[in-house]
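Enquirer: In the numbering used here, the protein residues as written are 7 to 227.
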């Protein structure tokens, strides 16, 4: 009957077995990683069970999944993983669109002129003036090449009750003069003006100022 090995012999055997060179292992690839771990677009099946990274399958076609080797290696830090993600993929869709459109925005047209007009109405006639602009005047402006930029009503009295402010765009001062003449001679405008003033004159005074856009002005939307 064979005697059991002595403790000293067992210790030596363990040292011999631990000193043997380990077999070289190939780096992790999709073919060597189990299918459950390599499944794309599944954050809960990432190879690193202690971290759940968001996969970027929809980040503008840049990446279908996070790097499989980084994801499978438990030693990879989050900072290292984030460095592999393109900065564009981290932008919100609205910011990405704005960044793309900023470079394609046309230069501001500084060759034309802007006309600031302030209408002062008779007492109680501002609603009639606003109705006329809303339903007729702006459409007739468009027909005569007069581009409306914006319209405002003051927020404080007494101007709030009797004042309309707006800006028109003209290609030039000469074009502005020709546009206003054709507008005043338009039979449609004459008919609209006559009907709207059946109960009395609406506008008592008009202030007009022509302006050039400053070179540091932000683009007008």
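Ideal Cβ placement from N, Cα and C applies to all residues, glycine included.
Remember, it's a predicted structure, so these values are computed and weren't measured experimentally.
Could you spell out the range, first to last residue, of the beta strand (DSSP E) harbouring residue 213?
Expert: Your numbering for residue 213 matches position 207 in the chain shown. Taken as a continuous stretch (DSSP letters only), the beta strand (DSSP E) holding residue 213 covers 209–217.
Enquirer: Out of curiosity, what's the CA-to-CA distance linking residue 118 and residue 141?
Expert: If you number the chain shown from 1, residue 118 lands on position 112. If you number the chain shown from 1, residue 141 lands on position 135. Taking the straight line joining both Cα atoms gives about 27 Å.
Enquirer: What is the C-beta distance between residue 154 and residue 132, in whole angstroms, given that I count them as a contact (C-beta under 8 Å)?
Expert: On the chain shown, residue 154 is found 148 positions in, with the first residue counted as 1. On the chain shown, residue 132 is found 126 positions in, with the first residue counted as 1. Their Cβ separation, rounded to whole angstroms, is 18 Å, which puts residue 154 and residue 132 out of contact at 8 Å.
Enquirer: Give a yes or no on whether the minimum CB-CB distance between residue 150 and chain C is below 7 Å.
Expert: Chain labels in this structure do not include chain C; a single protein chain is all it has.
Enquirer: With C-beta atoms as the reference, is residue 184 less than 7 Å away from residue 173?
Expert: If you number the chain shown from 1, residue 184 lands on position 178. If you number the chain shown from 1, residue 173 lands on position 167. No, they are not a contact pair.
Enquirer: Cα-Cα, which of 201, 129, 170 and 198 is closest to residue 136?
Expert: Counting from 1 along the chain shown, the entry for residue 136 is found at position 130. Selected option, being the one with the closest Cα: 170.
Enquirer: Do residue 208 and residue 127 count as a contact pair if the criterion is CB distance below 7 Å?
Expert: Taking the chain shown and counting its residues from 1, the one referred to as residue 127 is at position 121. Taking the chain shown and counting its residues from 1, the one referred to as residue 208 is at position 202. Their beta carbons are under 7 Å apart, which means residue 127 touches residue 208 by this criterion.
Enquirer: Tell me the DSSP secondary structure of residue 128 in three-state form.
Expert: As a working mapping, residue 128 is identified with position 122 in the chain shown. In the structure shown, residue 128 sits in coil (DSSP, three-state: anything other than H, G, I, E or B).
Enquirer: Apply the 10 Å Cβ neighbour rule to residue 17 and answer buried if 16 or more other Cβ atoms are within range, or exposed otherwise.
Expert: The residue given as residue 17 occupies position 11 in the chain shown. Low local confidence applies: a pLDDT of 49 at residue 17 is under 50, so the model's placement there is unreliable, with the coordinate-based value given in what follows. Under this definition residue 17 is an exposed residue.
Enquirer: With distances taken between CB atoms, is the gap from residue 138 to residue 197 smaller than 7 Å?
Expert: Start at 1 with the first residue of the chain shown, and residue 138 comes out as number 132. Start at 1 with the first residue of the chain shown, and residue 197 comes out as number 191. No; because the gap between Cβ atoms is not below 7 Å, this pair is not in contact.
Enquirer: Nearest CA to the CA of residue 130: which residue from 206, 162, 223 and 218?
Expert: Here the question's residue 130 lines up with position 124 in the chain shown. When each option's Cα is compared against that of residue 130, the closest is 206.
Enquirer: Please report the straight-line C-alpha distance between residue 165 and residue 216, rounded to a whole angstrom.
Expert: On the chain shown, residue 165 is found 159 positions in, with the first residue counted as 1. On the chain shown, residue 216 is found 210 positions in, with the first residue counted as 1. Going from the Cα of residue 165 to the Cα of residue 216 covers about 22 Å.
Enquirer: Find out if the Cβ-Cβ distance for the pair residue 159, residue 195 is shorter than 7 Å.
Expert: Taking the first residue of the chain shown as position 1, residue 159 is located at position 153. Taking the first residue of the chain shown as position 1, residue 195 is located at position 189. No.
Enquirer: Only counting the same chain, and skipping five residues up and downstream in sequence, which positions put a Cβ closer than 8 Å to that of residue 211?
Expert: Here residue 211 refers to the residue found at position 205 of the chain shown. The answer, listed in chain order, is 125 and 126.
Enquirer: Using the beta-carbon count (16 or more within 10 Å), is residue 200 buried or exposed?
Expert: Sequence index remark: in the chain shown, residue 200 carries index 194 (1-based). Residue 200 is exposed by the Cβ-count criterion.
Enquirer: Please list, in chain order, all residues of the same chain as residue 213 whose beta carbon is under 6 Å from its beta carbon, the five residues on each side excluded.
Expert: Here residue 213 is taken as the residue at index 207 of the chain shown, counted from 1. Excluding residues within five positions, the ones whose Cβ falls inside 6 Å are 124.
Enquirer: Exposed or buried, residue 182, counting other C-beta atoms within 10 Å across all chains shown (16 or more means buried)?
Expert: Working through the chain shown from its first residue, we reach residue 182 at position 176. Label assigned to residue 182: buried.
Enquirer: Residue 158 bridges to which residues according to DSSP?
Expert: For the purposes of this step, residue 158 is taken as the residue at position 152 of the chain shown. According to DSSP, residue 158 bridges with 171.
Enquirer: Express the C-alpha separation of residue 221 and residue 48 in angstroms, rounding to a whole number.
Expert: Position 42 of the chain shown, counting from 1, holds the residue named residue 48. Position 215 of the chain shown, counting from 1, holds the residue named residue 221. At residue 48, the pLDDT of 47 sits below 50, so the modelled position is not reliable; the number obtained from the coordinates is stated separately. Approximately 52 Å, taken between the alpha carbons.
Enquirer: DSSP on residue 142, reduced to helix/strand/coil?
Expert: The residue you call residue 142 lines up with position 136 of the chain shown. Helix.
Enquirer: Comparing C-alpha positions only, which one of 151, 226, 225 and 134 sits nearest to residue 178?
Expert: Here residue 178 is taken as the residue at index 172 of the chain shown, counted from 1. For residue 178, the nearest C-alpha among the options comes from 151.
Enquirer: Count the other C-beta atoms from every protein chain shown that fall within 10 angstroms of the C-beta of residue 180, then say buried if there are 16 or more, exposed otherwise.
Expert: As a first step, residue 180 must be located in the chain shown, where it is residue number 174. Exposed.
Enquirer: Out of curiosity, what's the CA-to-CA distance linking residue 109 and residue 122?
Expert: Your numbering for residue 109 matches position 103 in the chain shown. Your numbering for residue 122 matches position 116 in the chain shown. At residue 109 the pLDDT is 45, less than 50, meaning the model places this residue with poor confidence and gives no usable figure here.
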